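Trainee: Numbering (our numbering), first residue to last: 8 to 392.
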Ligand code: NZQ
Ligand code: ZN
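#1: Check whether the Cβ of residue 285 sits closer than 6 Å to any heavy atom of the ligand ZN, and report yes or no.
#2: Could you name each continuous beta strand (DSSP E) segment of 3 residues or more that falls completely within the stretch 49-85, going from the start of the chain to the end?
#3: Whose CA, out of 240, 114, 159 and 32, lies closest to the CA of residue 184?
#4: Any heavy atom of the ligand NZQ closer than 6 Å to the CB of residue 103?
#5: To the nearest whole angstrom, what separates the beta carbons of residue 214 and residue 287, a pair I think is in contact under 8 Å?
#6: Any idea what DSSP makes of residue 237, helix, strand or coil?
#7: Let me know the secondary structure DSSP gives residue 98 once reduced to three states.
#8: Note down, in chain order, each residue of its chain lying with its Cβ closer than 7 Å to the Cβ of residue 160, except the 5 sequence neighbours on either side.
#9: Can you give me the Cβ contacts of residue 297 inside the same chain, cut-off strictly under 7 Å, excluding the 5 residues immediately before and after it?
#10: Spell out a yes or no on whether the stretch 11-26 and the stretch 174-190 are touching, meaning 3 or more CB-CB pairs, one atom from each, closer than 8 Å.
#11: On a Cα-Cα basis, can you pick out the residue from 294, 256, 357 and 313 that is closest to residue 374?
#12: Whose CA, out of 48, 266 and 92, lies closest to the CA of residue 104?
#13: Assess, as a yes-or-no matter, whether the stretch 254-273 is touched by the stretch 355-375 under the definition of 3 or more beta carbon pairs within less than 8 Å.
#14: What separation, rounded to the nearest whole angstrom, lies between the Cα atoms of residue 99 and residue 299?
#15: Report the CB separation of residue 221 from residue 257 in whole angstroms; it is logged as a contact under 8 Å.
#16: Express the C-alpha separation of residue 8 and residue 353 in angstroms, rounding to a whole number.
#17: Give the single residue among 158, 328 and 321 whose Cα lies nearest to the Cα of residue 304.
#18: Could you give the DSSP three-state label for residue 263: helix, strand or coil?
#19: Answer with buried or exposed for residue 74, where buried requires no fewer than 16 other C-beta atoms within 10 angstroms of its C-beta.
#20: Take residue 37 as the anchor and find which of 63, 27 and 51 has the nearest alpha-carbon.
#21: Would you identify the three-state DSSP class for residue 344, choosing helix, strand or coil?
#22: What I want to know is whether the C-beta of residue 154 ends up closer than 6 Å to one or more non-hydrogen atoms of the ligand NZQ.
#23: Terminal residues of the continuous alpha helix (DSSP H) containing residue 139?
#24: Please go through the same chain and pick out, in chain order, the residues whose beta-carbon is closer than 8 Å to the beta-carbon of residue 397, but skip the five residues on each side of it.
#25: Would you kindly work out how many angstroms separate the C-alpha atoms of residue 314 and residue 204, rounded to a whole number?
#26: What would DSSP say about residue 117, mapped onto helix, strand or coil?
#27: Please give the ranges of any alpha helix (DSSP H) in the stretch 314-382, keeping only runs that are unbroken, at least 4 residues long and fully inside the region.
#28: Report yes if the C-beta distance between residue 245 and residue 339 is below 7 Å; otherwise report no.
#29: Consult DSSP for residue 174 and reduce its assignment to one of helix, strand or coil.
#30: Do you know how far the Cα of residue 92 is from the Cα of residue 226?
#31: Tell me the DSSP secondary structure of residue 154 in three-state form.
#32: Would you say the beta carbon of residue 199 comes nearer than 6 Å to a heavy atom of the ligand ZN?
#33: Looking at residue 181 and the ligand NZQ, is the gap between the Cβ and the nearest heavy atom below 6 Å?
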């Protein structure tokens, strides 16, 4: 196992009927701005419950943060935050609202032009406003990490930043919040979380037995519970297990002390920026072809994955790996997520542009060895058609 520092300051409040605890999590007298998305929290009554819990606080609202949150929208909120003298942000939504709020928190105190935060991946941030989250969509792990992904629509660029100052102060994880999710978002969440684990697990062995077993536990949980969230949508236990698995998949724990890949995510972000495909769906397209293309360098972990997740212990090594990849793809398809670029109306002509964007963003050496070039990505995308 490699040396590591693990630090995660986010306090988790997990379970039902905890909304009234919001008031004790936020500094007394703070002017709170509630940030939210397209209105699902208004329709399902969550906004009213938040406001009731914060009855003793001055409260403002900023809605309209879109999926794949845009710099343009978020900058409007930054102006409002500054103008109103807001002290604390409360993000109520999925990964997009939480990521957007991280950007607002950092941009509001940033001395320069805030797009620089994305261009430098957060390196020049020195402080951010405090914020909490109320998670409505288990998927990204943003509720317990310090990363965010922001899109600048005018240049079709989706960029990542992270900084320790944008860990949420607290996150309220009530699994019943996910009951109102459309099936498509339930499936997206399960598959995104599954692939977060894969990006940190499916590399090469470094004798990190704890991280491997934790990762395998999360993968098996998502495999077992994911389909049940679709077939038994009212099952609280299923929703609770998925929510906690998704949080633990990307809160830094399983990625500590191990090599990490993230090539699938970097390619997926470019596909979303150019073609608007949901984040998880881009990953479900890229990952199987990525596993296939890199089966030699990932051979040992692929065999471990085949044995421990899919119980594939018979046949040649090549057969076991091929079958494990096929089962991974079949899982995504069983969740209702198509795994081919053409399923999203993307053809061969689009591949060169995706790879050009990787080059433009300096993403020319991806993967756990930082060796995967745009030329190889083009081959992987061709195999994903
Ligand atoms: O906007 P509203 O009206 O709330 O509707 C949302 C949105 O349309 C809806 N929704 C959320 N909770 C709901 C609900 N509808 C009904 N009931 C509920 N309880 O779901 C739609 C999608 O929401 P979004 O937040 O976009 O989804 P997700 O959580 O999958 O977030 C995706 C974003 O997170 C980024 C992605 O790139 C993408 O921009 N990621 C962030 C990461 C991080 N910070 O660590 C890591 C991930 O890999 C990912 O890149
Ligand atoms: Zn993801």
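Beta carbons: idealized from backbone N, C-alpha and C, even for Gly. A quick note: this is a predicted structure, and the numbers were derived from the prediction, not measured.
Mentor: This is what the structure gives:
#1: Result no, Cβ not under 6 Å from the ligand ZN.
#2: Those beta strand (DSSP E) runs which fall completely within the stretch 49-85 and span 3+ residues are 66-69.
#3: Checking every option, the nearest Cα to that of residue 184 belongs to 240.
#4: The answer is yes for residue 103.
#5: Beta-carbon to beta-carbon, residue 214 and residue 287 are separated by about 31 Å, too far to satisfy the 8 Å threshold.
#6: Assigned with DSSP and collapsed to three states, residue 237 falls in helix.
#7: Residue state, collapsed to three classes: strand.
#8: So the list reads 77 and 79, once near-sequence residues are dropped.
#9: Around residue 297, the same chain offers 270, 271 and 387 as residues with beta carbons nearer than 7 Å, after the five sequence neighbours per side are excluded.
#10: Contact holds: three or more Cβ-Cβ distances are below 8 Å.
#11: Answer by Cα proximity: 294.
#12: Ranking 48, 266 and 92 by Cα distance to residue 104 puts 48 first.
#13: With the cut-off at 8 Å, the stretch 355-375 and the stretch 254-273 touch.
#14: Straight-line Cα distance between these residues: approximately 38 Å.
#15: Incorrect: roughly 12 Å between the Cβ atoms, too far for contact.
#16: Residue 353 and residue 8: Cα-Cα distance of roughly 40 Å.
#17: Closest by alpha carbon: 328.
#18: Secondary structure at residue 263: coil, using DSSP grouped into helix, strand and coil.
#19: A buried status is given to residue 74, since no fewer than 16 other beta-carbon atoms sit within 10 Å of its beta-carbon.
#20: It is 63.
#21: In this structure, residue 344 counts as coil in the three-state DSSP scheme.
#22: Yes, since a heavy atom of the ligand NZQ falls inside the 6 Å radius drawn around the Cβ of residue 154.
#23: Membership of residue 139 in any alpha helix (DSSP H) is not indicated; the residue belongs instead to the beta strand (DSSP E) covering 138-142.
#24: Residue 397 falls outside the range modelled here, since the chain spans only 8 to 392, and no answer is possible.
#25: C-alpha separation (whole angstroms): 17 Å.
#26: Correct three-state label for residue 117: coil.
#27: Runs of the alpha helix (DSSP H) inside the stretch 314-382: 324-341 and 358-367.
#28: Taking 7 Å as the Cβ cut-off, residue 245 and residue 339 do not qualify as a contacting pair.
#29: Coil.
#30: Straight-line spacing of the CA atoms in residue 226 and residue 92 works out to 44 Å.
#31: Here residue 154 sits in strand by DSSP.
#32: For the ligand ZN, at least one heavy atom lies less than 6 Å from the Cβ of residue 199.
#33: Not so, every heavy atom of the ligand NZQ lies at least 6 Å from the Cβ.
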